[in-house]
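Residue numbers (the numbering used here): 283 to 1354. By construction, the Cβ of each residue, glycine as well, lies at the ideal position given by its N, Cα and C atoms.
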């Protein structure tokens, strides 16, 4: 194949102009008739000096570099400059600080100067890095390696605004720049990730003051392709192998102000005392500048090539770099317009506003199987003479590099291939499409329908019982599948000891073991694990249900979830369906076919892997174990390893018997096992899918239908409730107590075992349109659920249900507009409720509490203290009812305590009685107005709020938050089931100790945050974020259900109804 037949679009080293290579070939043999090739001349010869100076002059001319900058040619590539910039600029920073100290504190000793300088280093030295892709990430990591993480500030990490991946640049308003940083590093064009800064950031522009940032620009893959505002940079560096020449030399454009005599590096002796790194002489800019880049042997041939490229550019573009930029922009525009024209086949990876003009990174997504599609694309490109398109090994995909030497005809050739590939892909895609998105069905013509609504009295009872059970019971009896009563299941957070030895766990619960030959169990396993993978985010909206419908001509898999189905889902399911068909059709003894399912599933599941890896890292760090595993997991979080490498690594680790033996004795062994199982889900699912395709008939033809999730509105299900055999629904997690019993009551469904938890926010849909005969079935199922909950409640030893709760059980829930609100409670004006409350309160009259002086105290802690004193006197020391009544009626409570304590040999009683005697206003029937408490906390309010009666505050959440603050700061801890404070998570406490812990955390939060922040977080359901902001995130993460409840305040989801649509559809699509 001839050179002219090839269009090489590799990322580097890049192709060079053919005429430059021809000239260089001659010069390599005999340069200027000297009889020696250019590479054979001494680097200190006049010939070499002329080549070097000519290249520097042409570079300055082409880029319009001011004469206030020095140009250096060094070695080591861009990676070498990661070190050189740190060494030089930290040294210059330290010397400037030293000179400033001497100037400000004249006469101090050298030791004192070093001491002051060390303080400045420890408190002020910062290196800022804008992490926008793989190369800037490596630069920041190298700075950490040289100096330590305490000196490196990540100004912005683009992964935080792009779901954990590079492909965007965060808005400048979010950047966190250090004051007077020693340097601010930015990579102008990320070759691996296809991201380029569209312009110079406004926030870094110099303003002519000593506060101007020292900006270091890495131009390795974009140099000479666009105009550079050179004066905005202190240092510009670039490898030559992209647009300038061949690998071997690195260009550095540096402000002369950073070189002697204006700026001098700090002496090695002082740097050594400060513990700062000392630059190798070969990387010292001052040495290189002093020796005109010839301190060591410079590869003059490489400089010669660069000089020839620059001469060609100057000859081709009279307007210099502006002319070359226009060509580069035209070529890039053609590439991206072609890719954007065919979104069914191509997906550009980075966001549109930061797409690189030099490196176009994209994926070929036709047919859903990206891996196969890209292999075919690369093969077709080579057949057309287009090479170098394979993406970087760390990210995969396709990368077309648009360097200066690529002629416009080469890019036109690429564009033509992209169009032709689309035509072929369109035909194949339409022929082989497996996945279809469905809409909720409408009522069938001619069939009478009715609207089913959950009866008010049942809804009220279920809602109340749910709140009571969640608060007082927390863990109800899980359901068991009748056919598998011997099969143990664990809840999502607590793993049985048997799991420590079961290295095949991959689900959130133990499902039917793969070793069983029963295809029914295999189908269940298939459905559950598919649902788990489709729930690739830790978000209630992603909870997924799956169903398998078998027909004579193949299998249809139905899936439903509340979160919208995205292109990502379509692609993975297309790939899965195709792979299942191939597996089903292959010879069982054909070992050559090895689908790449594990990699694809691992990449798809990455968001959920991130969550579980973080959980595992936190757990391992808490028990201070397995540092090697922690480092491996951190490599994944920092994107140094892929999802597949993570999953494979965890598989190997878990197969290690010694590892399992070590963790078995750890305090959080169950949690570690659980998270390892979650991480291994993709690899376990891949094995299940392989087994299912081979052993379950009809997988030769696979269709997948995606149903939309349920929305809280009147909907039209077409669910048949008359199936003869209960159908199995795969679910991405075990059902809760209420969903499990409701589904069981319908007698139409089977699911994996439920975990027994009760959630007070559980709701059934408001209205469903369906044939009248099914309404009675749903009514009976709801009543059955209520009866089960009442039986669970009866099992509890707790006798207490608050009056409002007790009343509500036998009263319908009133519409929202009828509810009455106060800052202390919410209630419904129901005569029946009021009568019951009167009766309930008659036995617990507050007058009795006031009579004995308890309401004298505003602090709940003090009230409890006094009540405890009464309890000890009555229960332990024989004080009788008559004696207490006499003390109350004669208003001599103080005298009573003092007299009694003198007779009782108890130091504690003496101390408590003395405490009572010190309370000046304490007396029988003495009450303190709660307004005093209100006034005592007014200092937390804004001035304008202090001037307004609290009853007039808007919004009302502000008043609720203030009431809570006053109560919690005065020692009052609300009952877990008080309506006002359910939204603050007190209902998650299982006992008094946990309630105290919740109250303590709120006290800590209120002592550190501003009240304005607190009430807004309370109103906007952002309390979890507020806890994290003030360093309490770890504390709330340890509390059962607390974080989950606070994140869900104001929302609710129909857990089981997400799956009900699946079987509804089976009758409407013709399957009987």
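If distances are taken between C-alpha atoms only, which option among the options comes closest to residue i?
{"i": "residue 502", "options": "360, 396, 587 and 448", "result": "360"}
{"i": "residue 687", "options": "1151, 734, 531 and 522", "result": "522"}
{"i": "residue 1058", "options": "848, 736, 1154 and 937", "result": "736"}
{"i": "residue 515", "options": "889, 485, 407 and 854", "result": "485"}
{"i": "residue 1033", "options": "1042, 536 and 1011", "result": "1011"}
{"i": "residue 897", "options": "1188, 1320 and 315", "result": "1320"}
{"i": "residue 471", "options": "579, 293 and 587", "result": "293"}
{"i": "residue 492", "options": "412, 375, 509 and 624", "result": "375"}
{"i": "residue 1193", "options": "1180, 947 and 1168", "result": "1180"}
{"i": "residue 1151", "options": "1323, 884, 382 and 1190", "result": "1190"}
{"i": "residue 721", "options": "450, 989 and 689", "result": "989"}
{"i": "residue 574", "options": "400, 1327, 395 and 327", "result": "327"}
{"i": "residue 859", "options": "418, 882 and 417", "result": "882"}
{"i": "residue 564", "options": "917, 370, 555 and 635", "result": "370"}
{"i": "residue 1355", "options": "849, 595 and 419", "result": "Examination of residue 1355 is not possible in this model, given that the chain is present from 283 through 1354 alone."}
Looking at residue i: is its Cβ nearer than 8 angstroms to the Cβ of residue j?
{"i": "residue 919", "j": "residue 961", "result": "no"}
{"i": "residue 464", "j": "residue 409", "result": "yes"}
{"i": "residue 1356", "j": "residue 630", "result": "Outside the shown range of the chain (283 to 1354) lies residue 1356, about which nothing can therefore be said."}
{"i": "residue 363", "j": "residue 479", "result": "no"}
{"i": "residue 469", "j": "residue 500", "result": "yes"}
{"i": "residue 915", "j": "residue 905", "result": "no"}
{"i": "residue 1283", "j": "residue 1295", "result": "no"}
{"i": "residue 826", "j": "residue 846", "result": "no"}
{"i": "residue 581", "j": "residue 531", "result": "yes"}
{"i": "residue 588", "j": "residue 642", "result": "no"}
{"i": "residue 452", "j": "residue 295", "result": "no"}
{"i": "residue 477", "j": "residue 415", "result": "yes"}
{"i": "residue 533", "j": "residue 344", "result": "no"}
{"i": "residue 1134", "j": "residue 1175", "result": "yes"}
{"i": "residue 496", "j": "residue 544", "result": "no"}
{"i": "residue 592", "j": "residue 340", "result": "yes"}
Can you tell me where the alpha helix (DSSP H) holding residue i begins and where it ends?
{"i": "residue 963", "result": "963 to 977"}
{"i": "residue 985", "result": "That residue, residue 985, is in no alpha helix (DSSP H); its beta strand (DSSP E) goes 984 to 989."}
{"i": "residue 618", "result": "603 to 623"}
{"i": "residue 426", "result": "416 to 429"}
{"i": "residue 591", "result": "582 to 598"}
{"i": "residue 901", "result": "888 to 905"}
{"i": "residue 1320", "result": "Unbroken run through residue 1320: none, as it is neither H nor E."}
{"i": "residue 848", "result": "Note, residue 848: premise wrong, no alpha helix (DSSP H); not H, not E."}
{"i": "residue 804", "result": "801 to 816"}
State the beta-bridge partners of residue i as determined by DSSP.
{"i": "residue 882", "result": "Bridge partners of residue 882: none, in fact."}
{"i": "residue 435", "result": "410"}
{"i": "residue 1009", "result": "1031"}
{"i": "residue 500", "result": "469 and 519"}
{"i": "residue 356", "result": "532"}
{"i": "residue 1283", "result": "For residue 1283, which the question treats as bridged, DSSP gives no partner whatsoever."}
{"i": "residue 826", "result": "843"}
{"i": "residue 630", "result": "644"}
{"i": "residue 637", "result": "477"}
{"i": "residue 668", "result": "289"}
{"i": "residue 838", "result": "831 and 985"}
{"i": "residue 351", "result": "537"}
Name the two residues that bound the continuous beta strand (DSSP E) containing residue i.
{"i": "residue 645", "result": "641 to 646"}
{"i": "residue 923", "result": "That residue, residue 923, is in no beta strand (DSSP E); it is neither H nor E in DSSP."}
{"i": "residue 682", "result": "680 to 683"}
{"i": "residue 1298", "result": "Premise fails: residue 1298 lies in the alpha helix (DSSP H), 1293 to 1301, not in any beta strand (DSSP E)."}
{"i": "residue 717", "result": "717 to 719"}
Could you tell me whether any Cβ in chain B is nearer than 8 angstroms to the Cβ of residue i?
{"i": "residue 1016", "result": "In the displayed structure, chain B is absent; only one protein chain is listed."}
Residue ranges of each beta strand (DSSP E) run of no fewer than 3 residues wholly in the region 1128 to 1209, ordered along the chain?
Considered as a whole, the region 1128 to 1209 harbours no complete run of any beta strand (DSSP E) with no fewer than 3 residues.
What beta strand (DSSP E) runs, 3 residues minimum, are completely inside the region 510 to 577?
Annotation: the region 510 to 577 contains the following complete segments of the beta strand (DSSP E) (minimum length 3 residues), in chain order: 517 to 521 and 532 to 537.
Ordered list of beta strand (DSSP E) runs contained in the region 442 to 469, each at least 3 residues
For the region 442 to 469, the full-length beta strand (DSSP E) segments reaching 3 residues or more read 465 to 469 along the chain.
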